[in-house]
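Number of protein chains: 4
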Amino acid sequence: MYYHDYLDLDRLLAAQNPLSDVEGRTHDEMLFIIVHQAYELWFKQIIFELDAAMRTFDRQPIKEREMGALVAHFDRIVAIQRVMLEQLEVIETLTPLDFLDFRGVLGTASGFQSVQFRLVENKMGLPRSRRPSTGDAPYTAWLNDEHRRAVEAAEQAKSLADHVESWLERTPFLEMGEYDFWVEYQAAVDVMIAKERQTVESEPGLDTDERDRHLARVDANRDAFEAIFNDERYEAAREEGDRLLSRRAFQAALLINLYRDEPILQLPFRLLTGLVNVDEGFTAWRQRHVLMVTRMIGHRTGTGGTTGAEYLEATARRSRVFTDLVEIPTFLIPRSELPPLPDAVVEAMRFRLEGPAADSVR
Amino acid sequence: MYYHDYLDLDRLLAAQNPLSDVEGRTHDEMLFIIVHQAYELWFKQIIFELDAAMRTFDRQPIKEREMGALVAHFDRIVAIQRVMLEQLEVIETLTPLDFLDFRGVLGTASGFQSVQFRLVENKMGLPRSRRPSTGDAPYTAWLNDEHRRAVEAAEQAKSLADHVESWLERTPFLEMGEYDFWVEYQAAVDVMIAKERQTVESEPGLDTDERDRHLARVDANRDAFEAIFNDERYEAAREEGDRLLSRRAFQAALLINLYRDEPILQLPFRLLTGLVNVDEGFTAWRQRHVLMVTRMIGHRTGTGGTTGAEYLEATARRSRVFTDLVEIPTFLIPRSELPPLPDAVVEAMRFRLEGPAADSVR
Amino acid sequence: MYYHDYLDLDRLLAAQNPLSDVEGRTHDEMLFIIVHQAYELWFKQIIFELDAAMRTFDRQPIKEREMGALVAHFDRIVAIQRVMLEQLEVIETLTPLDFLDFRGVLGTASGFQSVQFRLVENKMGLPRSRRPSTGDAPYTAWLNDEHRRAVEAAEQAKSLADHVESWLERTPFLEMGEYDFWVEYQAAVDVMIAKERQTVESEPGLDTDERDRHLARVDANRDAFEAIFNDERYEAAREEGDRLLSRRAFQAALLINLYRDEPILQLPFRLLTGLVNVDEGFTAWRQRHVLMVTRMIGHRTGTGGTTGAEYLEATARRSRVFTDLVEIPTFLIPRSELPPLPDAVVEAMRFRLEGPAADSVR
Amino acid sequence: MYYHDYLDLDRLLAAQNPLSDVEGRTHDEMLFIIVHQAYELWFKQIIFELDAAMRTFDRQPIKEREMGALVAHFDRIVAIQRVMLEQLEVIETLTPLDFLDFRGVLGTASGFQSVQFRLVENKMGLPRSRRPSTGDAPYTAWLNDEHRRAVEAAEQAKSLADHVESWLERTPFLEMGEYDFWVEYQAAVDVMIAKERQTVESEPGLDTDERDRHLARVDANRDAFEAIFNDERYEAAREEGDRLLSRRAFQAALLINLYRDEPILQLPFRLLTGLVNVDEGFTAWRQRHVLMVTRMIGHRTGTGGTTGAEYLEATARRSRVFTDLVEIPTFLIPRSELPPLPDAVVEAMRFRLEGPAADSVR
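Residue numbers (my numbering), protein chains in the order written: chain A, 1 to 362; chain B, 1001 to 1362; chain C, 2001 to 2362; chain D, 3001 to 3362.
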């Protein structure tokens, strides 16, 4: 086996064909092509990881021994996202004036037409409602037929977000014998809020205005919890597209975060963290991408009234998938207020080898 | 000289005093302190570089032999900003649940109270109008008297942006003998736009709708240029705070970008690029900072109606200083359309050693 | 609570006192001080994490629910090491000529005198035999009495490497009922080597020379395994300082790597990976540090005959602690050759909730 | 123009063909292919930049207005090297055990066979004498005929190092009228060394031993300079391959570093810095690459007696090109000792616009 053949380099290295004259002024088109091709290679790898993760989720129930490999898919995507970020700094070595030298040959070609990136978004589970408006035309309008069909098929198929939701819903720990997580959690929140209120009320030296202001903050805090306590408000938020996860899945995610140290929850916690990392990684990349695009082409306004940079900025703000998980911290309660799990639940979360008395193996 | 004494480590390493119990659960407060102290060290260095740069600008005219060192200040700040970005990933090893364990001891202390970061903003030249609203209170309301005075003094003093504007205005190349850059530039833009219009009009196979759409885009493009051609529109934009640089300074920046290869413009071009890099670097850091804060504390709404994360997000979008320079690409014209400089101007931009015939030294 | 006071910034920001005149040419001494202070802050944090990890190891047996937090210490150190690497690029903005302007004031002060870095090394478990020679004087010769005593005390105390060794030795899975990992592993290696030999011998079209060369490679491979199969060779390597871990601990590390997917081994595998990451991270930093130093001061030879850069280079090559773990890949065998664990062992490694038939919870 | 076609994605994305079954265990081969392909894309871009830089050097004399673009080639390579470093962390998400699952299919294919990387080395100007021994076979022995010829042709052709040497030798400032840089420089060094000696001799309270030790250090320092003062020693070092640059080129590099602030030397200084950056960047990448390889395959010894990791480590230590430039700091003298340039030389280094009295334009 010869390295060059194994990597099919004859094919790979024949795919860079600048349209402008490669001598002199248009030197930089090669960089433009290569950096975009490098991105497409990484998009292919990300899709490969997402597909593999979804195949694992599909083999439900997921075996505990598969959890390590499942988490590894997302850790790898995070490592790739760091490369993606760094590549933006390579593009920024292309100055706006040099870009103008060959910008004309690109015509209407645009990164907006990257099928693979659209597939990444849809496989992650980005709902159409979180895509910024592209005017009258759907976001797929700039793709050719074959690509449009592929992107739409991915939009219809079960996404990573769907799989994660199903997996969370199957968590056996929300109710276990007499234990009901949601009841316990709500009670703990009530106690916590009551304490906060009492602290304000017993605080000496506050004038009425200050007291009212502090109490208003306690109320606002209480109200934030109401958004997940109240069935109708929760479902309304889902209708609005503000929440994607079912309430049961959300509760499971909260439980995993709160009791993450229990042996059986350690890998699930890492999985949820991995999903947040990946979601944040794409957002970070989108944000830096806007900065790069702004720097490269400025803000020349199109006839549509918005500029490319503005559209991308909206994308960076809105096109997130795992916002329910990102928002979990809003609903955490300090360990000091956290209701302890009943012994039976603790036992169920442990390894066989761990004795009931001695709390450990090694 | 002993390393430990030279660095005053007895003092430096006595400054980490977690308020929560350092054992067990509150282990992470030490990280919280140290990472913020590391930021403050870097802010001090950035202020030191900004001050040094401003002292150089103040010794006007700036000697050409000082230009290298001037550019170096901004390259160094960019290197520091990379460290600042990387430090966010260290904070993200602190999980929201662990943060809750000691969040209470922080009380109302907040990064919003970092005097040095406020000084960085004001020394850079951030106008008050570009700070997102902090309600009825000024942005300095959360500082103590001494710090507030220091921050306000920096706001009043001549800023880096002011210095850059003065330096640009002194550029001798805008008019030189019979040469008038602005006249030449406007003419070249007119030719370019006329060509674009003609290309659309002579394009075969366009129906009326398409033609109108394309022509509208040409008009929009023309209109963008009008914003800098037209005196009143330019000044109106300055009044609005949309532009900070005087028109003459803006023209000089445009000239430097367009003719950056002329020997005497090479370092000025690097200086302008350095300023854009620094501005972008702070923006990139603010954006990632928002992601980190969101991840750490979620979106719990304060009584003011906005959350910390939302305020920071507005900051990341709006709190830029060198937007005039960032926007330069909007107004570049391709080299093929660029009017050549008259011989006399080219000569004036060269080294003494360069002969008029042979275009080079080595 | 006021941010400035919480972080003790009056103290922290009073600790930068350049000895050269801060105006003009010696501008860069401030950077030199601040970047070294930033390193010392991070060293303090690393020591804090190492100490916390060792306290956990000390509470043997380690509870399974502590494993997540234990792994997190090393993940955090890895994040800090990325900052440390990035900081080298900040130092590199200081040019050699500018460094010369204040190098004199440093006298004999040297990073070699960083007590905290010496403590990091000793707490990690760096044996004295892996420190490059510093001539007749011990490596502590450049420290003052108080610091020397602290560094020597850390060298005598139980190190992270010692704790890891004890923890690995307590692994209950090396022998469990009739199962003996080492017997199974050796048998599998023998089968693998025999197959390799047979492949060579049955390969058609090899001439005698080629066959001999291939067989010599199989023998060399076999011999590599002998280094861990043979008691005396293993102990000789320990005597030589080539190996630090006891044989039993090494076997446990190998077991964890080979069967890392079993639920109870997933966190231990992450722990071992974290240790390798940290060890590699320090080595990567040492290597880049050599490049930076070389670039700053060249290779001016001291009277001792070696240059600072050469000493540091030796350090980068030799001063590693977890080389036994880094070397594990040498002894891995492909999953296809891996003997399956007996059912009883598999059961012992699972969660209580996992049924013997259904292999999973969710 | 359609993005997908412009980037030839049908071709590019058809080039990933794992040999092992893509399901299950051998999942990771895709990553292995893609990361190596990404490297090859970047090698192509680096070659493209090196070739363009060499074409500029070839158009001697280089016009001053080309210097900015020339420097930019190396700044871009540095940005690419950062991506290359980051990609190593992506490979490290592939665990040794997973690598074993498909390592067999690679057979003898090896990164050692990367033609493009060999071309990069030869175009940079890596002399064969700085390649670590590959036993009896030349380093090209593992390439096919076509590739071997290409690599050998690049070895014969004028390299970047050759071009840089010619360019440095053409510097007009080494002798200019009555000014002779080398005479002035040597005199300044003599004064500096004499001062050092006198400082030691007049230091009160040194005993004889200490004085001798200090004086020996002064002598060693003096001797280091002798290596460049003495014609025969310099040429002997060139014969040995310890130096690559001609003496005249080396002197020019020293001059540029010492008087880098003079207007006409600012871009040349940046060019030399860029070359050092690129050289250091490859070394940093080679070093991290060794760490990654060690971690992936351990130290299994081949029949040749050396392991892949050891060979790569030797490469990282020895395979540098611009060592003469890296070593410049050894020979810098502090600005306080630096002989001022004669007025005529200073004038020759300035811009036409700068008056002889007023030292500046702006």
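Glycine included, C-beta positions come from ideal geometry on N, C-alpha and C.
Predicted model only: the values in this text are computed from it and were never measured.
Residue-chain proximity (residue 107 (chain A), chain D), Cβ-Cβ < 8 Å: At a cut-off of 8 Å between beta carbons, residue 107 (chain A) contacts chain D.
Test: residue 1284 (chain B) CB closer than 8 Å to a CB of chain A: Using a Cβ-Cβ cut-off of 8 Å, residue 1284 (chain B) counts as an interface residue toward chain A, since at least one Cβ of chain A sits closer than that to its own.
Which residues DSSP lists as bridging residue 1351 (chain B), in chain order: Paired residues: D:3351.
Runs of alpha helix (DSSP H) wholly within the segment 2064-2113 of chain C (minimum 4 residues, chain order): Counting only runs of 4 or more, we get 2067-2091, 2096-2106.
Sequence-distant residues of the same chain with beta carbon closer than 6 Å to residue 2260 (chain C), five excluded per side: 2269, listed in sequence order.
Under 8 Å between C-beta atoms of residue 1044 (chain B) and residue 1116 (chain B): Residue 1116 (chain B) is positioned such that its CB atom lies closer than 8 Å to that of residue 1044 (chain B).
Beta-carbon proximity of residue 2079 (chain C) to residue 1093 (chain B), cut-off 8 Å: Taking 8 Å as the Cβ cut-off, residue 2079 (chain C) and residue 1093 (chain B) qualify as a contacting pair.
Through-space distance from residue 2048 (chain C) to residue 2010 (chain C), alpha-carbon basis: Taken atom to atom, the span from the alpha-carbon of residue 2010 (chain C) to that of residue 2048 (chain C) is near 23 Å.
Residue range of the alpha helix (DSSP H) that includes residue 1044 (chain B): Counting along the chain, the alpha helix (DSSP H) containing residue 1044 (chain B) begins and ends at 1029-1058.
CA-to-CA distance, residue 1313 (chain B) to residue 1232 (chain B), given in whole angstroms: The C-alpha of residue 1232 (chain B) lies about 32 Å from the C-alpha of residue 1313 (chain B).
Boundaries (first-last residue) of the alpha helix (DSSP H) holding residue 1162 (chain B): Unbroken alpha helix (DSSP H) run through residue 1162 (chain B): 1160-1169.
Ranges of the beta strand (DSSP E) found wholly within the segment 1204-1254 of chain B, counting only runs of at least 3: Listed in chain order, nothing qualifies, since the segment 1204-1254 of chain B has no complete beta strand (DSSP E) run of 3 or more residues.
DSSP state of residue 1323 (chain B) mapped onto helix, strand, coil: It is helical.
Inter-stretch contact at 8 Å, needing at least 3 Cβ pairs: the segment 86-101 of chain A / the segment 25-32 of chain A: Segments in contact, yes.
Beta carbon proximity, residue 48 (chain A) to chain D, threshold 8 Å: It does; some Cβ of chain D falls within 8 Å.
Which residues DSSP lists as bridging residue 1180 (chain B), in chain order: According to DSSP, residue 1180 (chain B) bridges with B:1175.
Helix, strand or coil at residue 1279 (chain B) according to DSSP, with G and I counted as helix: Here residue 1279 (chain B) sits in helix by DSSP.
Within-8 Å CB hit, residue 351 (chain A) to chain C: Yes - at least one Cβ of chain C is within 8 Å of the one on residue 351 (chain A).
Residues near residue 3057 (chain D) in its chain [Cβ-Cβ closer than 7 Å; skip 5 each side]: Excluding sequence neighbours, residue 3057 (chain D) sits near 3163, 3167.
Close Cβ partners of residue 2294 (chain C) (< 8 Å) along its chain, the five nearest in sequence each way excluded: Contacts found: 2309.
Where residue 241 (chain A) falls, given that 16 or more other Cβ within 10 Å makes a residue buried: Counting other Cβ atoms within 10 Å of its Cβ, residue 241 (chain A) stays below 16 and is therefore classed as exposed.
Exposure label - residue 3205 (chain D); buried when at least 16 CB within 10 Å: With fewer than 16 Cβ atoms within 10 Å of its Cβ, residue 3205 (chain D) is classed as exposed.
Boundaries (first-last residue) of the alpha helix (DSSP H) holding residue 2122 (chain C): Residue 2122 (chain C) -> alpha helix (DSSP H) spans 2115-2124.
Residue 348 (chain A) versus residue 60 (chain A) - alpha carbon distance: Distance from the CA of residue 348 (chain A) to the CA of residue 60 (chain A), rounded to the nearest whole angstrom, comes to 20 Å.
Range covered by the alpha helix (DSSP H) that runs through residue 6 (chain A): Per DSSP, residue 6 (chain A) belongs to the alpha helix (DSSP H) from 3-6.
Chain-ordered chain D contacts of residue 2327 (chain C) [CB-CB under 7 Å]: Neighbourhood of residue 2327 (chain C) in chain D, by CB distance below 7 Å: 3298, 3299, in chain order.
Residue-level contact to chain B via CB, residue 3266 (chain D), 8 Å cutoff: Residue contact check for residue 3266 (chain D) against chain B: a CB pair falls below 8 Å.
Whole-angstrom C-beta distance between residue 165 (chain A) and residue 249 (chain A), which should lie under 8 Å: Going by Cβ atoms, the distance from residue 249 (chain A) to residue 165 (chain A) rounds to 4 Å, so yes, they are a contact pair.
Inter-residue Cα distance where the pair is residue 1244 (chain B) and residue 1324 (chain B): So the alpha carbons of these two residues sit roughly 7 Å apart.
In DSSP terms, what residue 1136 (chain B) is bridged to: DSSP output for residue 1136 (chain B) lists B:1134 as bridge partner(s).
For residue 3016 (chain D), the first and last residue of its enclosing alpha helix (DSSP H): First-last for residue 3016 (chain D): undefined, no H or E at that position.
Cβ-based neighbour list, residue 283 (chain A), same chain, cut-off 7 Å, excluding 5 preceding and 5 following: Correct list, in chain order: 316, 320.
Reduced DSSP category for residue 1259 (chain B) - H, G, I as helix; E, B as strand; rest coil: Three-state result, residue 1259 (chain B): coil.
C-beta contact flag for residue 2346 (chain C) and residue 2179 (chain C) at 8 Å: Not closer than 8 Å, so no.
Residue span of the alpha helix (DSSP H) that contains residue 3012 (chain D), given as start and end: First-last of the alpha helix (DSSP H) with residue 3012 (chain D): 3009-3012.
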